[in-house]
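Heads up, the thing below is written out as structure tokens.
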Amino acid sequence: MVSYRTPLGRARGLGSAKHGAGHWLSERVTAIALVPLVVWAVYGVLRLSAGDYGFAVHWIQDPLNATLTVLTLVISFWHMHAGLRVVVEDYIHKALSKSVLLLLNLFVCGLAGALAVFSILKVALGAGGLGGA
Amino acid sequence: MPRRTAEHGAAPWRHTEGIGSAFVDTPPAALKSEAASGQGKSGSDQMTDASRTPRTPPLSPHLQVWRWHITMAASILHRATGVALYVGGLIVAAWAVALAAGPERYAEFKSLLGSLPGKVVMFGLTVSIFYHLANGVRHLVWDTGHGLDVKSANASAVLVFAFAGAATLAIWVIAGMTGAL
Numbered sequence: 109m110v111s112y113r114t115p116l117g118r119a120r121g122l123g124s125a126k127h128g129a130g131h132w133l134s135e136r137v138t139a140i141a142l143v144p145l146v147v148w149a150v151y152g153v154l155r156l157s158a159g160d161y162g163f164a165v166h167w168i169q170d171p172l173n174a175t176l177t178v179l180t181l182v183i184s185f186w187h188m189h190a191g192l193r194v195v196v197e198d199y200i201h202k203a204l205s206k207s208v209l210l211l212l213n214l215f216v217c218g219l220a221g222a223l224a225v226f227s228i229l230k231v232a233l234g235a236g237g238l239g240g241a
Numbered sequence: 435m436p437r438r439t440a441e442h443g444a445a446p447w448r449h450t451e452g453i454g455s456a457f458v459d460t461p462p463a464a465l466k467s468e469a470a471s472g473q474g475k476s477g478s479d480q481m482t483d484a485s486r487t488p489r490t491p492p493l494s495p496h497l498q499v500w501r502w503h504i505t506m507a508a509s510i511l512h513r514a515t516g517v518a519l520y521v522g523g524l525i526v527a528a529w530a531v532a533l534a535a536g537p538e539r540y541a542e543f544k545s546l547l548g549s550l551p552g553k554v555v556m557f558g559l560t561v562s563i564f565y566h567l568a569n570g571v572r573h574l575v576w577d578t579g580h581g582l583d584v585k586s587a588n589a590s591a592v593l594v595f596a597f598a599g600a601a602t603l604a605i606w607v608i609a610g611m612t613g614a615l
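Quick note, the sequences are listed as chains A and B, same order.
For the first sequence, our numbering begins at 109 and goes up steadily by one.
For the second sequence, our numbering begins at 435 and goes up steadily by one.
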């Protein structure tokens, strides 16, 4: 088949050479940030599992714990979205199911991340349950 | 012509030795048999053969074709633990929501995770987080262009498996000692 379109015409709209690495880079940048954060989070989970509700509230009201928890949550959900997106793109080839799953991935990460961050802030800023217990 | 390898049934390169040969584009075995079967035919015969029988296009070699090796297992596990940690992330979000919901809901959440199925899930997530963490660092090192040769890739895979096992064991021993279980 002979195409009458110019090479430039065929290439247009298929993505910009200057932005193609964005997703790849964001996966790496979040991965690097998560290395120390995850080690800290494992330590946090260990301490929290040994304590009760009062201890958890007290723990999360510490500004450093609250900040690191929110950072870990936001960066984790960003990384989770990027990772599962690649999985969907690799295995799901039907346009409709692929689009639905990619949107679902985005919305689940967005909703769960927002809920988690808001909940942490609510407790950390002193409005949660027993307050300063 | 590029479709000829599909004719030779399953994978003629199944028995390739060593990991290095797994990365060869056209397997030597397939090349050999192609040359052998092509001897008796003229070029035009092959053309008519090809046009008469519609063949399914060749698939790129997939999971069941390769002999299992450690770098392959490491790669697949990275993805599997990543998906497991996706669920883990949702559990962490549920923890935050339970904490904000007050003492009763938080106690419910804790007893759910403290139950036997909850502990099994937490153990799986511990293995997953340490595996994905170590193998993620392995990937980051690769991104700098280091450790990509077969010997290093095999060695770092062993290291990642060892780290995941040791770290999981250590954390659960500490959890047992600090009363977290």
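For each residue, glycine too, the CB sits at the ideal point set by N, CA and C.
Quick caveat, the model's predicted, so the values are computed rather than measured.
Is the distance from the Cβ of residue i to the Cβ of residue j below 8 Å?
i        : j        : result
A/Ser157 : B/Ala609 : yes
B/Phe543 : B/Ala528 : yes
B/Phe597 : B/Phe564 : yes
A/Gly218 : B/Gly516 : no
B/Ala518 : B/Gly558 : yes
B/His504 : B/Asn588 : It should be pointed out that residue 504 of chain B corresponds to Ile in this sequence rather than to His. Cβ atoms of B/Ile504 and B/Asn588: closer than 8 Å.
A/Leu181 : A/Ala224 : yes
B/Tyr520 : B/Ala532 : no
B/Leu567 : A/Val143 : yes
Cutting at 6 Å between CB atoms, please list the residues of its own chain near residue i, excluding the five before and the five after it.
i        : result
B/Gly552 : Leu546
B/Leu615 : Ala609
B/Val555 : none
B/Arg572 : Ser590, Val594
A/Glu135 : Ala190
B/Met506 : none
Quick check on the burial criterion: 16 or more other C-beta atoms within 10 angstroms. Buried or exposed for residue i?
i        : result
B/Ser549 : exposed
A/Val153 : buried
A/His189 : buried
A/Leu145 : buried
A/Leu211 : exposed
B/Ala601 : buried
B/His496 : exposed
B/Ala508 : buried
B/Gly523 : buried
Return the chain-ordered list of same chain residues with a C-beta closer than 7 Å to the C-beta of residue i, the five sequence neighbours on each side being excluded.
i        : result
A/Ile200 : Lys206, Leu209
A/Ile168 : Ala174, Thr177, Ile228, Val231, Ala232
A/Phe226 : none
A/Leu214 : His189
A/Gly121 : none
B/Lys466 : For B/Lys466, the predicted model reports a pLDDT of 42, less than 50, meaning its position is unreliable and no value from the coordinates is stated.
So the candidates are the options; which of them puts its Cα closest to the Cα of residue i?
i        : options                                : result
B/Pro537 : A/Leu133, A/Asp160, A/Ser227, A/Glu135 : A/Asp160
B/Val561 : B/Ser494, B/Val571, B/Pro492, B/His512 : B/His512
A/Gly221 : A/Arg113, A/Pro171, A/Ser184, A/Gly117 : A/Ser184
A/Gly234 : A/Pro171, A/Val194, A/Leu145           : A/Pro171
A/Leu133 : B/Leu574, B/Trp606, B/Val607           : B/Leu574
A/His131 : A/Arg155, A/Glu197, A/Leu116           : A/Glu197
B/Trp606 : A/Arg155, A/Ser111, A/Leu116           : A/Arg155
A/Gly162 : B/Thr578, B/Ala535, B/Trp576           : B/Ala535
What residues in its chain sit with their C-beta under 8 Å from that of residue i, if we drop five residues either side in the sequence?
i        : result
B/Gly570 : His512
A/His187 : Glu135, Thr138, Ala139, Leu142
Across the segment 136-156 of chain A and the segment 194-213 of chain A, are there enough close Cβ pairs to call them in contact, namely three or more that are closer than 8 Å?
no
Determine contact between the segment 162-178 of chain A and the segment 592-611 of chain B, defined as no fewer than three beta-carbon pairs at a distance below 8 Å.
no
Do the segment 130-147 of chain A and the segment 579-595 of chain B meet, that is, are 3 or more Cβ pairs less than 8 Å apart?
no
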